[in-house]
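Take a look at the structure below.
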Ligand code: HEC
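Numbering (the UniProt record's numbering), first residue to last: 1 to 223.
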């Protein structure tokens, strides 16, 4: 839901880049293919989504995109939903579902322990980092960055596990499983108790030890 506009923008920019680099001269034969002639005039524009030379009856951004030089199309709701998985620091984007420390404990054993170790200490040879420990070390000579010591928001833990773990099968965990694993890791890090249960309401309320360790960066993400 947060990336829709960006996605539309970049689709449009992609279509534009293709157009400017890939189109040969008007009506030209290229390697046996005849390329449709361009309209007689295309106005120069600094707009990110230029007005299509093809008439846009609806006048909407989507319709404009679909008809832009005959290239590209607007992404469907389903296509956007499939990759729209980001979770914001305040919890926006968290799905329905819930999971407990106890459920997370057995899931961890089954799907994570082989790489992150019995005590969440990480297994160096596999490149898998420790998930807990290192609290208050970030300002020291030997900073240890873990979920416990580094993350400012528990929502980042949810987002990361959901998007990237387990390493050999990212995206395979259900929402309930990710809530459970988050509760387990935060519990093992002493941030929550062993009776912890998490859902979309409670997860953003978790107070992370390094919550105040970041400085806000006011620069916009990109154009
Ligand atoms: C095959 C090995 C492997 C498995 C299985 C695995 N991980 Fe990881 N995990 C990694 C590696 C390697 C990284 C570091 C990735 C990187 O830095 O790009 C990582 C990073 C992480 C991090 C980020 C830690 C940090 O401080 O940045 C979390 C959280 C995490 N894993 C949780 C899990 C959970 C939960 C599971 C089980 C569902 C799991 N991992 C299963 C290898 C694994």
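From the three backbone atoms N, C-alpha and C, an ideal C-beta is built for every residue, glycine too. Note that the coordinates shown come from a computational prediction; the quantities given were computed from them, not determined experimentally.
Check: Opposing strand residues paired with residue 98 [DSSP bridges]; Outcome: 199
Check: Reduced DSSP secondary structure (H/G/I, E/B, other) of residue 21; Outcome: Unreliable placement is indicated for residue 21, whose pLDDT of 48 sits below 50; the coordinate value is still reported in the next sentence. In this structure, residue 21 counts as helix in the three-state DSSP scheme.
Check: Distance cut-off 7 Å: residue 137 Cβ against heavy atoms of the ligand HEC; Outcome: no
Check: beta-carbon residue 111 near the ligand HEC non-hydrogen atom, thresh 7 Å; Outcome: yes
Check: Per-residue DSSP class, three states only, for residue 124; Outcome: helix
Check: C-beta contact flag for residue 101 and residue 184 at 8 Å; Outcome: yes
Check: Around the ligand HEC, Cβ to any heavy atom closer than 7 Å, ordered along the chain; Outcome: 107, 108, 111, 112, 114, 115, 116, 126, 127, 128, 129, 131, 145, 146, 147, 150, 157, 160, 161, 164, 165, 166, 167, 168, 173, 181, 185
Check: Length at least 4, wholly inside the segment 153-218: the alpha helix (DSSP H) runs in chain order; Outcome: 154-164, 175-188
Check: Under the three-state DSSP convention, the category residue 114 falls into; Outcome: helix
Check: Assumed close pair residue 99, residue 198 - CB separation to whole angstroms, cut-off 8 Å; Outcome: 6 Å
Check: Sequence-distant residues of its chain with Cβ nearer than 6 Å to residue 93 (five each side left out); Outcome: 86, 87
Check: Range covered by the alpha helix (DSSP H) that runs through residue 147; Outcome: 147-150
Check: Outcome for residue 190 when other beta-carbon atoms lying within 10 angstroms are tallied against a minimum of 16; Outcome: exposed
Check: Buried or exposed (CB count within 10 angstroms, at least 16 for buried), residue 119; Outcome: exposed
Check: Buried versus exposed call for residue 220 [16 or more other C-beta atoms within 10 Å across all chains shown]; Outcome: exposed
Check: 7 Å CB neighbourhood of residue 126 in its chain, flanking five on each side removed; Outcome: 115
Check: Per-residue DSSP class, three states only, for residue 107; Outcome: helix
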